[in-house]
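K.L.:
Residue numbers (the numbering used here), protein chains in the order written: chain A, 39 to 379; chain B, 147 to 466. This is the structure I want to talk about, given as structure tokens.
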Amino acid sequence: MSPTLKAYAIRLFPQVAALAVILLMVSIAFPGFFRLEMQNGRLYGSMIDILNRGAPVALLAIGMTVVIATKGIDLSVGAVMAICGAVAAAAITSGHSLAMTLLITLGTGILCGLWNGILVAVLDIQPIIATLVLMVAGRGIAQLITEGAILTFNDAGLIFIGSGSLFGLPMPVVVWLAFGILVALLVRRTALGMLIEALGVNRRASMLSGVSTGVLLIAAYVLSGLCAALAGIIAAADIRGADANNAGLWLELDAILAVVVGGTSLLGGRFSIAASLIGALIIQSVNTGILLSGFPPEFNLIIKAAIIVLILVIQSPRAQSAFVFLSRAGASEKKTEQEAK
Amino acid sequence: MKFKIALASATILAASMFSAASAADLTIGFSQIGSESGWRAAETTLTKQQAEKRGIDLKFADAQQKQENQIKALRSFIAQDVDAILIAPVVATGWDEVLQEAKDAEIPVILLDRTVDASKDLYLTAVTSDLVHEGNVAGKWLVDTVAGKPCNVVELQGTTGSSPAIDRKKGFEEALAGKDNLKIIRSQTGDFTRTKGKEVMESFLKAEDGGKNICALYAHNDDMAVGAIQAIKEAGLKPGTDILVVSIDAVPDIFQAMAAGEANATVELTPNMAGPALDALDAFLKDGKEPPKWIQTESKLYTQADDPAKVYEEKKGLGY
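Right, dumping it as structure tokens:
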């Protein structure tokens, strides 16, 4: 194994292990879990559901990872999803073409990101407050666009993005996989990723060493807005309507959770998009697992919280050092045993 | 001449006294919670329509989900000395003081759609639907439709712990009690939303042999049913025939689904709470007839036989 690949494997190991354990647990509770079949030219099964239903959070997590790496946070993504879903539905029902609708919607997401980015980078407002503004106002904006009702549409093209399939995979899965790979390549095959990490660790120092931190910060929030726009389109296309009250509700928290479960520190600096995406899948596996297991709904949140606490405890620095200590103790015991022999 | 003036003024006085006793020329304050849902918007539209039909001057106040705004609105209605107050209370507690103020000013208050935890003599009457009864009507329809054949039912509950979710579940289970052919095999929350309704239905379909094991779906609201219908279609089954779909609320979109044969029945939660309320008020002001403390609105059952396409046309302009 090449050194970089090995580094990747070590970095992603806790997340992959947690995901594997959860999938195993679900398959014990629900035996048919791993069954996959082809139906109407697309893969069909619970595993595909996890990839498909996890699409919004996975997309949000991509943008959120980059924002968190800059030592920021974007609370507005759920509301931006609602705005963009509403914009997409309004545009398509007022007779715009699909391409035009997507352009307008993604543009709206970028605009929302610009707003956040300017508040954070230019006006120097703390990210949690700056993005709280749009989080609160955004749902109102979305409601204004839909006039409080669920704005439904019947455009086959737009619906395809939510429930069509490409290469046997549901379209939302294709979108988040492709976008995730694109962004990961962009930040890791160029110096961008390193610059973002530098900015997150010490904004002043990186500015003094010639990084244009302002532009970079704004770009991070714009990326997050773009991701939210994609997630909003998928969420609206999935139910063939824009639900301003509920689209993306609380998903900003799930996205932050996905990033944290993915092992990226909220203090900024080193980040991994792949790990965040696995984090998003972990959250969705828990959700789908609970639904499949047939527990009464009163248990949903408790089970989810318990599993997440467990994952976070295992990942915590104290637990990590305890593991290291225990494994060393075990190793030295073996050694003494051997020496005794 | 003097006599004539005196007579005229007496007539005017009498007329003005009497006018308070007829529905026309009434001024009524309406404190609405806000516009958090399509149903709420339809309720506002219908209340305004009902007032206009009866020649009532309706003063409308939108509380934007805040109790303090509603209390402020009630105080301002009392200060304006309106003839009656309609209120859809956002929460159940904390109304005693302002209701007492209205009582002291001799302004009757009618509660719409929700009730309050306050002494019953502080308000004239409450007009609400019976949530348990709604679930019961849905359950009865299913019992009658399957007519003794074995049937596995899956249930999409509303938001866990909310009163519509608890009561609509209870009413449905009451209707199914003792019917051994009907079994609720899975029940999970869909949070009253389309997205969750679709997601949960997908998992039901996977868990129950691709849906072959499911004969009917009961959803606590239409939005979840609309989401679930899409999930059923994507699983290659026909909603409405392979899996019966019954839900509650009667929002316009479910009538579109019913017209397409993809949903079977819905129980109406009527947004016309103001109609019965104003009728009761009219009787009270005219003849002093005290209405009962609770007026139950009709929970009407709509099926595919009720010309869903026409009902859709009627409903879609109400702001749902």
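The C-beta atom is built at its ideal place from N, Cα and C for all residues, glycine as well. If you're wondering where the values come from, they're calculated on a predicted model, not measured in any experiment.
A/Arg278 lies in the alpha helix (DSSP H); which residues open and close that run?
P.N.:
As a first step, residue 278 of chain A is located in the first sequence; it is residue number 240 there, counting from the start. Per DSSP, A/Arg278 belongs to no alpha helix (DSSP H) and is neither H nor E.
K.L.:
Apart from the five residues on each side of it in sequence, which residues of its chain come closer than 6 Å, Cβ to Cβ, to A/Glu290?
P.N.:
In the first sequence, the residue the question calls residue 290 of chain A occupies position 252. Cβ neighbours of A/Glu290 beyond the five flanking positions: Leu113, Val115, Gly116.
K.L.:
Under 8 Å by Cβ, that's how I've got B/Ser393 and B/Thr412 pegged, so tell me the actual separation to the nearest angstrom.
P.N.:
Within the second sequence, numbered from 1, the residue matching residue 393 of chain B stands at position 247. Within the second sequence, numbered from 1, the residue matching residue 412 of chain B stands at position 266. With 8 Å as the limit, B/Ser393 and B/Thr412 qualify as a contact, their Cβ atoms being about 5 Å apart.
K.L.:
Report the residue from B/Leu245, B/Ser275, B/Gln216 whose alpha carbon sits nearest the alpha carbon of B/Asp263.
P.N.:
By 1-based counting over the second sequence, the position of residue 263 of chain B is 117. Answer by Cα proximity: B/Leu245.
K.L.:
Can you list, in chain order, the residues of its chain with a C-beta nearer than 6 Å to that of B/Ala429? Leave out the 5 residues immediately preceding and following it.
P.N.:
Within the second sequence, numbered from 1, the residue matching residue 429 of chain B stands at position 283. Contacts found: Lys435.
K.L.:
What residues from chain A crowd round B/Tyr466, counting only those whose CB sits closer than 8 Å?
P.N.:
Sequence index remark: in the second sequence, residue 466 of chain B carries index 320 (1-based). The answer, in chain order, is Ala187.
K.L.:
Taking contact to mean 3 or more Cβ pairs, one atom from each stretch, closer than 8 Å, check whether the stretch 256-272 of chain A and the stretch 139-157 of chain A are in contact.
P.N.:
yes
K.L.:
Between the beta-carbon of A/Leu319 and the beta-carbon of A/Gly92, is there less than 9 Å?
P.N.:
In the first sequence, residue 319 of chain A corresponds to position 281, counting from 1. In the first sequence, residue 92 of chain A corresponds to position 54, counting from 1. Closer than 9 Å, so yes.
K.L.:
Taking one C-beta from the stretch 212-231 of chain B and one from the stretch 176-184 of chain B each time, how about it: are there three or more such pairs within less than 8 Å?
P.N.:
yes
K.L.:
Can a CB atom of chain B be found closer than 9 Å to the CB of A/Pro335?
P.N.:
Here the question's residue 335 of chain A lines up with position 297 in the first sequence. Judged by the 9 Å Cβ criterion, A/Pro335 is in contact with chain B.
K.L.:
Under DSSP, the beta strand (DSSP E) around B/Leu302 begins and ends at which residues?
P.N.:
Within the second sequence, residue 302 of chain B is the residue found at index 156, counting from 1. Residues 297-303.
K.L.:
Distance, Cα to Cα, B/Gly465 vs A/Ser323?
P.N.:
Residue mapping note: residue 465 of chain B aligns to position 319 of the second sequence, counting from 1. Residue mapping note: residue 323 of chain A aligns to position 285 of the first sequence, counting from 1. A direct Cα-Cα distance of roughly 38 Å separates B/Gly465 from A/Ser323.
K.L.:
So if I threshold CB-CB distances at 7 Å, which residues from the stretch 296-321 of chain A count as touching chain C?
P.N.:
Among the protein chains of the structure shown, namely A and B, there is no chain C.
K.L.:
How big is the Cα-Cα spacing for B/Lys295 and B/Ala420?
P.N.:
Position 149 of the second sequence, counted from the start, is the residue given in the question as residue 295 of chain B. Position 274 of the second sequence, counted from the start, is the residue given in the question as residue 420 of chain B. Taking the straight line from one Cα to the other gives about 41 Å.
K.L.:
When we look at the beta-carbon of A/Arg356 and count the other beta-carbons within 10 Å, is it buried (16 or more) or exposed?
P.N.:
Here the question's residue 356 of chain A lines up with position 318 in the first sequence. With fewer than 16 Cβ atoms within 10 Å of its Cβ, A/Arg356 is classed as exposed.
K.L.:
Mapping DSSP to helix, strand and coil, what is A/Arg242?
P.N.:
As a working mapping, residue 242 of chain A is identified with position 204 in the first sequence. A/Arg242 sits in a helix when the DSSP states are folded into three classes.
K.L.:
Is any beta-carbon of chain A found at less than 9 Å from that of B/Gln450?
P.N.:
Along the second sequence, read from residue 1 onward, the residue named residue 450 of chain B stands at position 304. By this cut-off, B/Gln450 is not an interface position.
K.L.:
I'd like to know whether the C-beta of B/Ser168 is nearer than 9 Å to at least one C-beta of chain A.
P.N.:
Here residue 168 of chain B corresponds to residue number 22 of the second sequence, with the count starting at 1. Confidence at B/Ser168 is low in this model, with a pLDDT of 49, below 50, so the placement of that residue is unreliable and no value is reported for it.
K.L.:
From the beta carbon of B/Phe318, is the nearest beta carbon of chain A less than 9 Å away?
P.N.:
Reading the second sequence from its first residue, position 172 is the one you call residue 318 of chain B. With 9 Å as the cut-off, B/Phe318 does not count as an interface residue toward chain A.
K.L.:
Quick one: is B/Lys446 near chain A, going by C-beta distance under 9 Å?
P.N.:
Start at 1 with the first residue of the second sequence, and residue 446 of chain B comes out as number 300. No, B/Lys446 does not count as interfacial toward chain A.
K.L.:
Listed in chain order, which residues of the stretch 269-291 of chain A have Cβ atoms closer than 9 Å to some Cβ of chain B?
P.N.:
Look at the stretch 269-291 of chain A: the residues with a C-beta under 9 Å from a C-beta of chain B are Ala273, Asp276, Ile277, Arg278, Gly279, Asp281, Asn283, Asn284, Ala285, Leu287.
K.L.:
Could you list which residues in chain A have their beta carbon closer than 7 Å to that of B/Val346, in chain order?
P.N.:
Residue mapping note: residue 346 of chain B aligns to position 200 of the second sequence, counting from 1. Near B/Val346 (Cβ distances below 7 Å), the residues of chain A are Leu329.
K.L.:
Between the alpha carbons of B/Ser265 and B/Lys439, how many angstroms are there, rounded?
P.N.:
To locate residue 265 of chain B, count along the second sequence from 1; it is residue 119. To locate residue 439 of chain B, count along the second sequence from 1; it is residue 293. C-alpha separation (whole angstroms): 11 Å.
K.L.:
Quick one, are the C-beta atoms of A/Val171 and A/Leu182 less than 9 Å apart?
P.N.:
On the first sequence, position 133 is the one that residue 171 of chain A refers to. On the first sequence, position 144 is the one that residue 182 of chain A refers to. Result no, Cβ atoms of A/Val171 and A/Leu182 do not sit closer than 9 Å.
K.L.:
Taking the alpha-carbon positions, what's the A/Ile199 to A/Ala229 distance?
P.N.:
Walking along the first sequence from the start, residue 199 of chain A turns up at place 161. Walking along the first sequence from the start, residue 229 of chain A turns up at place 191. Computed Cα separation, rounded: 32 Å.
K.L.:
In the DSSP assignment, what residue or residues form a beta bridge with B/Thr449?
P.N.:
As a first step, residue 449 of chain B is located in the second sequence; it is residue number 303 there, counting from the start. Looking at the DSSP assignment, B/Thr449 forms a beta bridge with B/Ala411.
K.L.:
Checking the sheet assignment: what are the DSSP bridge partners for B/Ala365?
P.N.:
Numbered from 1 along the second sequence, position 219 holds the residue referred to as residue 365 of chain B. Bridge partners of B/Ala365: B/Leu302, B/Ser393.
K.L.:
Let's test the definition: count the other Cβ atoms within 10 Å of the Cβ of A/Lys44 and tell me whether it reaches 16, buried, or not, exposed.
P.N.:
Within the first sequence, numbered from 1, the residue matching residue 44 of chain A stands at position 6. Answer is exposed; the Cβ neighbour count stays below 16.
K.L.:
I'd like to check one pair, A/Asp87 with B/Glu348: are the Cβ atoms closer than 9 Å?
P.N.:
The sequence position of residue 348 of chain B within the second sequence is 202, counting from 1. The sequence position of residue 87 of chain A within the first sequence is 49, counting from 1. Contact flag set, yes.
K.L.:
Let me know if B/Ala169 comes out buried or exposed under the rule of 16 or more other beta-carbons within 10 Å of its beta-carbon.
P.N.:
Working through the second sequence from its first residue, we reach residue 169 of chain B at position 23. Any reading at B/Ala169 is ruled out, since the residue's pLDDT is 49, under 50, leaving its predicted position unreliable.
K.L.:
Are the C-beta of B/Arg186 and some C-beta of chain A separated by less than 9 Å?
P.N.:
Here residue 186 of chain B corresponds to residue number 40 of the second sequence, with the count starting at 1. Yes, B/Arg186 counts as interfacial toward chain A.
K.L.:
I'd like to confirm the pairing. Which residues does DSSP put opposite B/Ile231 in its beta bridges?
P.N.:
For the purposes of this step, residue 231 of chain B is taken as the residue at position 85 of the second sequence. Beta-bridge pairing links B/Ile231 to B/Gly175, B/Val255.
K.L.:
Looking at the secondary structure, which residues open and close the beta strand (DSSP E) in which B/Leu328 lies?
P.N.:
Sequence index remark: in the second sequence, residue 328 of chain B carries index 182 (1-based). Looking at the DSSP string, the run of the beta strand (DSSP E) that includes B/Leu328 is 328-335.
K.L.:
When you compare each of B/Gln442, B/Leu257, B/Ile400, B/Lys352 to B/Gly382 by their alpha carbons, which one comes out closest?
P.N.:
Stepping through the second sequence from its first residue, residue 382 of chain B is reached at position 236. Nearest of B/Gln442, B/Leu257, B/Ile400, B/Lys352 to B/Gly382, Cα basis: B/Lys352.
K.L.:
Pick out the complete alpha helix (DSSP H) segments inside the stretch 80-118 of chain A, 4 residues or longer, and give them in chain order.
P.N.:
As for any alpha helix (DSSP H) of minimum length 4 sitting wholly inside the stretch 80-118 of chain A, the runs are 84-91, 93-107, ordered along the chain.
K.L.:
Count the C-beta pairs between the stretch 187-205 of chain A and the stretch 163-177 of chain A that are closer than 8 Å, then say yes if the count reaches three, no if not.
P.N.:
no
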